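Note sheet for the following structure.
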Amino acid sequence: MLVQLDSVSKAYGGQTLFQNLSWGITGGERIGLVGPNGAGKTTLCRILAGLEEPDSGRVVRARGAAVGYLPQEVAASGLGSVLAEALSGFEDVWRIEREMEEVAAALEASPKEALTARYGDLQHRFDALGGYRLESAARTILSGLGFGAADLNRPLAELSGGWRMRAALARLLLLRPALLLLDEPTNHLDLESLAWLEKFLAAYDGTVVVVAHDRYFLNRMVSSIADLGPAGLTVYPGDYDAFVVERQARRELREAQARNQAKRVAEIERFIERFRYQATRARQVQSRVKMLARLERIEVEDRTRRIRVVFPEPPRTGRRVATLRGIHKVYSDNIVYAGIDFDIERGDRVALVGVNGAGKSTLLRILAGVLPFERGERTLGAHVAVHYYAQHQVDALNPERAVLAELEAVAPEAAHPRLRALLGAFLFSGAAVDKKVSVLSGGEKARLALAKMLVRPTALLCLDEPTNHLDL
53 MLVQLDSVSK AYGGQTLFQN LSWGITGGER IGLVGPNGAG KTTLCRILAG LEEPDSGRVV
113 RARGAAVGYL PQEVAASGLG SVLAEALSGF EDVWRIEREM EEVAAALEAS PKEALTARYG
173 DLQHRFDALG GYRLESAART ILSGLGFGAA DLNRPLAELS GGWRMRAALA RLLLLRPALL
233 LLDEPTNHLD LESLAWLEKF LAAYDGTVVV VAHDRYFLNR MVSSIADLGP AGLTVYPGDY
293 DAFVVERQAR RELREAQARN QAKRVAEIER FIERFRYQAT RARQVQSRVK MLARLERIEV
353 EDRTRRIRVV FPEPPRTGRR VATLRGIHKV YSDNIVYAGI DFDIERGDRV ALVGVNGAGK
413 STLLRILAGV LPFERGERTL GAHVAVHYYA QHQVDALNPE RAVLAELEAV APEAAHPRLR
473 ALLGAFLFSG AAVDKKVSVL SGGEKARLAL AKMLVRPTAL LCLDEPTNHL DL
């Protein structure tokens with residue numbers, strides 16, 4: 053057993069995430085951790101990694117079993133390059149390398165037998181730890197995750213959050229811990245990098261627990277699903293599709309059992325009420341009263357609520373919504389576009405795909421009017437309002453505001469009376485609208501950012517990876 057959780061409980065700000073949760077993770081497993089936004093998946097991963105302590109319960113980890121954790125967001129360390137970040141988990145190896153360099157310098161000055169023996173010992177240890185192969189392996193992993201050769205010496209602090217995440221992921225994959233915890237690793241990977249990661253993990257000899265909101269990735273990667281919800285944690289064998297079928301079958305069985313039990317309870321209660329005051333039936337009545345007191349009621353978990361999105365009707369536009377003609381865009385010496393044309397007509401639904409660095413986000417930002425370009429023309433049709441949803445839109449939320457106040461800050465005053473209904477459609481109801489943005493999960497922040505997008509009618513939506521952080 054790599055990690056064993058025994059009766060673990062955790063709460064934040066009076067909200068219980070999970071209570072008396074028990075879970076054992078063994079070697080070689082491929083587990084998909086799923087559940088609604090705010091259920092506590094990230095918190096559970098942090099507890100497994102030893103980065104956070106439960107309020108109660110016990111966490112037992114196998115001695116000597118390394119645990120690696122990839123968080124959803126990776127801060128800019130500013131301490132080195134992309135390649136240095138990938139190699140930063142091997143300080144013992146680099147310490148030996150530095151000592152080898154010192155001994156080699158001493159040998160040049162004074163070739164003593166003791167120094168030669170010391171250098172040979174260090175060289176053997178360096179080789180045994182994979183020191184001669186690490187940089188080559190790091191370059192291979194970074195390439196698989198989408199970094200070009202020119203990117204490897206770029207300072208980490210210059211990278212976006214998504215690219216910092218890739219560098220941190222490369223570091224973990226190079227370390228090859230016994231237990232690899234990945235919290236939404238697919239959020240910032242393109243299709244090519246995702247395919248490479250799937251192939252890498254398929255051959256990985258450790259245990260992998262992955263939080264992901266991509267059912268296709270889960271279907272290809274996992275051998276079991278751990279479902280975290282209000283009722284606790286339930287583990288289902290098989291991939292995500294098998295989990296959906298089995299969960300529904302179990303729910304239907306439990307609902308049938310609950311209906312039968314409710315019917316039986318009603319019959320007993322009618323008997324008690326009918327014969328309560330008849331002395332000849334007193335013993336039977338008391339027997340049934342005790343039976344009801346001892347009865348363990350079958351509870352059925354509420355069905356998962358779904359987001360209900362109704363887009364406000366925008367003003368009527370002409371057939372042509374937006375046009376780009378001869379667009380040229382350059383970043384330093386990198387020519388992204390050299391005369392691109394693009395047309396969008398009323399009612400179009402366009403999926404924008406491409407390899408890393410192709411300029412997908414750049415094109416969306418130009419289309420939305422938030423990024424200037426060197427040459428060309430951008431034209432919007434009559435009555436066309438544009439809304440741009442950035443990859444890191446959640447970063448634009450004010451962490452000090454309450455959920456409702458965040459919407460009020462951007463909504464026209466006439467729309468204020470309907471903001472609670474809008475938030476309810478995005479699963480913020482009751483006291484949830486008064487929660488501070490800072491305590492929301494990544495998925496809850498994404499839902500709030502999407503709700504902000506719907507406050508004003510918009511004819512053209514430019515969405516850059518809007519599904520990041522949203523649960524299935």
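This note's numbering numbers the first residue of the sequence shown as 53 and each following residue consecutively.
Note that the Cβ used here is the ideal one computed from N, Cα and C, for glycine as well.
Predicted, not measured: the structure shown is a model, and the values here were computed from it.
query, result
"Let me check one thing: in DSSP terms, what residues is L305 bridge-paired to?", "Its beta-bridge partners do not exist; DSSP assigns none."
"Name the DSSP bridge partner or partners of T414?", "Answer is none; T414 lacks a bridge partner."
"Taking E124 as part of the alpha helix (DSSP H), name the residues at either end of that continuous run.", "In the sequence on display, residue 124 carries Gln and not Glu. Counting along the chain, Q124 falls outside any alpha helix (DSSP H), and DSSP gives it neither H nor E."
"Select from E458, R311, S276 the residue whose C-alpha is nearest the C-alpha of F295.", "S276"
"Output the distance between the C-alpha atoms of G66 and A222, rounded to the nearest integer angstrom.", "37 Å"
"Between E458 and K504, how many whole angstroms is the CB-CB distance? I'm expecting something under 8 Å.", "7 Å"
"Run through the DSSP bridge pairs and tell me what A63 is partnered with.", "T68"
"What residue does the alpha helix (DSSP H) around Y268 start on, and which one ends it?", "267 to 273"
"Check whether the segment 251 to 266 touches the segment 227 to 234, taking contact to mean three or more Cβ pairs, one atom from each stretch, closer than 8 Å.", "yes"
"Would you be able to state if there are at least three C-beta pairs under 8 Å between the segment 69 to 86 and the segment 260 to 280?", "yes"
"Can you give, in chain order, each stretch of the alpha helix (DSSP H) that sits fully within the segment 282 to 331 and has at least 4 residues?", "292 to 327"
"Given a cut-off of 9 Å, decide if T431 and K381 are closer than it, judged by their beta-carbon atoms.", "no"
"Taking the continuous beta strand (DSSP E) assigned at I99, which residues delimit it?", "From DSSP, I99 is part of no beta strand (DSSP E) but of the alpha helix (DSSP H) over 93 to 101."
"Distance, Cα to Cα, R472 vs R508?", "15 Å"
"Could you tell me whether the segment 380 to 397 touches the segment 425 to 441, using the rule of 3 or more Cβ pairs below 8 Å?", "yes"
"Decide if M53 is buried, meaning its Cβ has at least 16 other Cβ atoms within 10 Å, or exposed.", "exposed"
"How about the segment 205 to 215 and the segment 115 to 122: do they share at least three Cβ pairs that are nearer than 8 Å?", "no"
"Leaving aside the five residues before and after Q71 along the sequence, list all residues of the same chain whose C-beta is less than 7 Å from its C-beta, in chain order.", "S61"
"Please report how far the alpha carbon of F199 lies from the alpha carbon of D393, in whole angstroms.", "28 Å"
"Give me the Cα-Cα distance between G37 and D107, rounded to the nearest whole angstrom.", "No answer is possible for residue 37: it lies beyond the span of the chain, which begins at 53 and ends at 524."
"How big is the Cα-Cα spacing for F323 and R340?", "8 Å"
"Based on Cα-Cα distance, which residue from E298, A283, G284 lies nearest to G290?", "E298"
"Suppose contacts are defined by Cβ-Cβ distances below 9 Å. Is A511 in contact with V462 by that definition?", "no"
"Assuming A138 contacts I193 (C-beta within less than 8 Å), just tell me the rounded distance between them.", "7 Å"
"Can you check whether the CB of G476 is closer than 9 Å to the CB of G90?", "no"
"Quick check on the burial criterion: 16 or more other C-beta atoms within 10 angstroms. Buried or exposed for P237?", "buried"
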